[in-house]
Amino acid sequence: MKKIRMGMVGGGQGAFIGAVHRIAAFLDGEIELVCGAFSSNPQRSIESGKALYLPEHRCYDSYQEMILCEEKLPEEMRMEFVVIVTPNHLHFPVAKMAIEHGFHVLSDKPATISLDEALRLKQLLEKHDQLYGLTQTYTGYPLIKQARHLIATGELGNIVKVVVEYSQGWLASKEDETSKQASWRLDEKQSGISCCMGDIGVHAANLAEYVSGLNMAELCADITSTVAGRTLDDDGTVLLKFSNGAKGVLLASQVALGDENNLKLRVYGDRKSVEWSQLESNTLWLKSNTEATQMIRAGVGDLCAAAKQAMRTPAGHPEGYLEAFANIYSNFAKQIRAKNAGEVCDNQLFDVPGIEQAVRGMAFIENVVQASASNEKWHPFSLKSDSNMGEE
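Have a look at this one:
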């Protein structure tokens, strides 16, 4: 067996998320970086690749050059999948070209810059035999998988309410806009029609649906820019109705002073409830009105198969964001290996958010923005784009 070969678009010197992706990809020793187009600046791309110990001839000036050149290499040398870690506006064109030239794709979220592009990407994947994954990181936590299992097996009973919040404080002032990370997220041409909901609200929405097993059916939204001069949102509240009639609340903010990456989830059933926080990610609380509250700890007791598979260390050794991120990469590598061998991969055990979650994520962003601009209260959660789908 050989390592799965990865090519990277974006993530060059000075880019935060590129380094995180590489750490996650390398953690389990299943994946190696063989090439990249790390920057729109050709010289910076080469310098970034060389700093990662890549040969100069596999540090490309553009993603187009990388895909075309890699396609010509012998099968045992060329990259097998492309990871996209660029600003949002490049996600679709890179994914489209990679898929059309026979490469699997793993993309940072959100999948595209618009719902129209996400729907076109789904159409494209229906015509090609390539894998597609989305790094909705928080689905990789072991106890998130345990919470999902408890709900799926009926431990909580009928789900009646979901509360999810993701608060940060890193964009609380005008001065915070000077960083590289802020500048493109607040630029509609690069990030799309939303900053806060497109950046972290979409994570909260994905987590709510992933764990509860329910789909959003209707929503009522209020998003705002709290800092003078900003054209994109930095804070918002969304009321939700789910497919089974359950109600929900989603809070997302990038101006919550003092908050780091404060992601919390509570799911209430008519028998029991669960509560999880990323700041204490190795603990899941199981509660009821008739039994003592149970603290479920990672690595302790009889956890479900997916939770066990997602853990690497004995109980009491914290596993966090990087390990959760790595679980998506590890599962994606297993899916590629199974495909290469003509085998069926257990996608329940080795799950990776895919094109359905990609479309729902973009639909969430656009539905929230449209609902917030309306005077009507409730809006159906629509998966349809107002734009012309066009031809591939």
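Numbering (the working numbering), first residue to last: 499 to 890. Even for Gly, the Cβ is constructed at its ideal location relative to N, Cα and C.
Which of helix, strand or coil does DSSP assign to residue i?
{"i": "W774", "result": "strand"}
{"i": "K501", "result": "coil"}
{"i": "A871", "result": "coil"}
{"i": "K483", "result": "Within the shown structure, residues of the chain are numbered from 499 to 890, placing residue 483 beyond reach of any answer."}
{"i": "W876", "result": "coil"}
{"i": "K745", "result": "strand"}
{"i": "L881", "result": "coil"}
{"i": "D720", "result": "strand"}
{"i": "E789", "result": "coil"}
{"i": "L641", "result": "helix"}
{"i": "I834", "result": "helix"}
{"i": "G888", "result": "Because the pLDDT of G888 is 38, which lies under 50, any placement of that residue in the model is unreliable, and the number read from its coordinates should be weighed accordingly. Reduced to three states, the DSSP call for G888 is coil."}
{"i": "V866", "result": "helix"}
{"i": "S751", "result": "strand"}
{"i": "R795", "result": "strand"}
{"i": "C693", "result": "coil"}
{"i": "G516", "result": "helix"}
{"i": "V857", "result": "helix"}
{"i": "A813", "result": "coil"}
{"i": "A715", "result": "strand"}
{"i": "D674", "result": "helix"}
{"i": "V507", "result": "strand"}
Residue i: buried (16+ other C-beta within 10 angstroms of its C-beta) or exposed?
{"i": "L842", "result": "Checking the sequence, you will find Val at residue 842 rather than Leu. Classification for V842: exposed."}
{"i": "S771", "result": "buried"}
{"i": "Q792", "result": "exposed"}
{"i": "L738", "result": "buried"}
{"i": "T635", "result": "buried"}
{"i": "K607", "result": "buried"}
{"i": "E890", "result": "Confidence at E890 is low in this model, with a pLDDT of 35, below 50, so the placement of that residue is unreliable and no value is reported for it."}
{"i": "S671", "result": "exposed"}
{"i": "Y551", "result": "exposed"}
{"i": "L654", "result": "buried"}
{"i": "D614", "result": "buried"}
{"i": "Q541", "result": "exposed"}
{"i": "M506", "result": "buried"}
{"i": "P585", "result": "buried"}
{"i": "A549", "result": "exposed"}
{"i": "N886", "result": "A caution first: N886 carries a pLDDT of 45, below 50, which makes its placement in the model too unreliable to give a value."}
{"i": "H555", "result": "exposed"}
{"i": "L777", "result": "exposed"}
Using 8 Å as the threshold, is the C-beta distance between residue i and residue j below it?
{"i": "H647", "j": "A805", "result": "yes"}
{"i": "I565", "j": "I529", "result": "no"}
{"i": "V472", "j": "G734", "result": "Nothing about residue 472 can be reported from this structure: the residues present for the chain run from 499 to 890 only."}
{"i": "Y630", "j": "V603", "result": "yes"}
{"i": "L717", "j": "F879", "result": "yes"}
{"i": "M577", "j": "M504", "result": "yes"}
{"i": "A871", "j": "H877", "result": "no"}
{"i": "C694", "j": "D720", "result": "no"}
{"i": "L763", "j": "V850", "result": "no"}
{"i": "V660", "j": "F740", "result": "yes"}
{"i": "Y561", "j": "C533", "result": "no"}
{"i": "V658", "j": "A715", "result": "no"}
{"i": "L619", "j": "T610", "result": "yes"}
{"i": "I853", "j": "G696", "result": "no"}
{"i": "I794", "j": "F579", "result": "no"}
{"i": "G512", "j": "K678", "result": "yes"}
Following the continuous beta strand (DSSP E) through residue i, name the residue where it begins and the one where it ends.
{"i": "G767", "result": "760-767"}
{"i": "H602", "result": "602-605"}
{"i": "W783", "result": "781-785"}
{"i": "L662", "result": "At residue 662 the sequence reads Val, which differs from the Leu that was named. Where V662 is concerned, the enclosing beta strand (DSSP E) stretches over 657-665."}
{"i": "Y630", "result": "630-632"}
{"i": "F579", "result": "579-583"}
{"i": "C533", "result": "529-535"}
Between which two residues does the alpha helix (DSSP H) holding residue i run?
{"i": "V709", "result": "700-710"}
{"i": "A593", "result": "589-598"}
{"i": "D614", "result": "613-625"}
{"i": "C567", "result": "561-570"}
{"i": "R542", "result": "540-549"}
Are the segment 637-653 and the segment 675-687 in contact at 8 Å, needing three or more beta carbon pairs?
Short answer: they don't touch.
Three or more C-beta pairs under 8 Å: does that hold for the segment 853-860 against the segment 701-710?
These segments touch.
Quick check: the segment 514-532 against the segment 810-828, are there 3 or more CB pairs under 8 Å?
Touching, yes.
Below 8 Å, how does it come out for the segment 754-774 and the segment 651-668: are there three or more Cβ pairs, yes or no?
With contact defined as three or more Cβ pairs closer than 8 Å, the segment 754-774 and the segment 651-668 are in contact.
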